[in-house]
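Convert by adding 1 to the 1-based position in the sequence shown; the result is the number in our numbering.
Ideal Cβ placement from N, Cα and C applies to all residues, glycine included.
What you are looking at is a predicted structure, and each value in this text was computed from that prediction instead of being measured.
These notes are about the structure you will find just below.
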Amino acid sequence: MATAEVLKVTGGKAGSIELDDGIFGIEPNVPVMHQVVNAQLAAKRAGTHSTKTRAEVRGGGAKPWKQKGTGRARVGSSRIPQWRGGGVAMGPKPRDYSQKTPKKMKRLALYSALSDRASENNVLVVEGWSFASPKTKDAKNALNSIGAEGKVLLVVDDGDINAWKSFRNLNNTHVISPTQLNVFDVLSHDMVVFTKENLPTSSADSKNQSVNSIEDQVEES
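Structure representation (structure tokens):
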């Protein structure tokens, strides 16, 4: 089982911790990750787009001119799609874009994404965020101390209000709770930072919210 160093936000190391091979050590399944990410993005679409057909556009009830004898093309309405002010032919209508994704597929995709980041040493574990008060400067110094670079995904407990408020104003930094951990956010960031308490472990561990919530974490995709 692989291990990771537990880092102090003030600099230095506080020890080491084992990473679950079933979560951080599997072979990434790219097709599954692709499918789940597509499902997540599709679920975010409102689907409220709507256009009017020639039957729904106001006006156009009278025939513009008689059928024969004018030398012009026959027309039955002034609201045909070819004309300015006419309806839209085969335009978009409201629809639901969400996709149903099996829970096992969501779980495999998330484990694959975490394993990919772990294989590149881009999964960091900190002892904890000890901010006395919300302060962005302290948050930036903490990230520099642990060597977090590029786009950083921070998994912070809901109750740690000072950490949430400290990190949320930093550029290239996104804060989520353990129950919000998802494939898209992991793949769209260079590094993932956990605390020692919310590091995902085996799904058999009923006390770990990070894993228990995985089956429900993709927005009903």
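Count the other CB atoms within 10 Å of the CB of glutamate 128; is the residue buried (16 or more) or exposed (fewer)? buried
How big is the Cα-Cα spacing for valine 89 and serine 167? 50 Å
Please return the same chain residues whose Cβ sits closer than 6 Å to the Cβ of valine 76, not counting the five positions on each side in sequence. Pro65
How is glycine 16 classed by DSSP in three states: helix, strand or coil? strand
Run the CB neighbour count on glutamine 41, radius 10 Å, all protein chains shown included, and call it buried at 16 or more, exposed below. buried
Across which residues does DSSP place methionine 192 in a beta bridge pair? Val153
Run through DSSP, which three-state label would aspartate 21 get? coil
Starting from histidine 35, trace the alpha helix (DSSP H) in both directions and tell me its first and last residue. 31–44
So, with DSSP's three-state summary, where would you put valine 187? helix
Alpha carbons only, please: which of Val194, Tyr98, Arg59 is nearest the one belonging to alanine 149? Val194
Straight-line gap, lysine 1 to glycine 61 (C-alpha atoms, nearest Å): The structure shown has nothing for residue 1, since the chain only spans 2 to 222.
For methionine 106, collect the residues of the same chain with a Cβ closer than 8 Å to its Cβ; drop the 5 residues on either side in sequence, then sort them by chain order. Val33, Gln36, Val37
Find out if the Cβ-Cβ distance for the pair methionine 179, asparagine 163 is shorter than 8 Å. What sits at residue 179 in the sequence shown is proline, not methionine. It is not a contact, given that the beta carbons lie outside the stated cut-off.
Would the beta-carbon of valine 58 fall within 8 Å of that of alanine 114? no
Proximity of alanine 3 and serine 17 at Cβ, strictly below 8 Å: no
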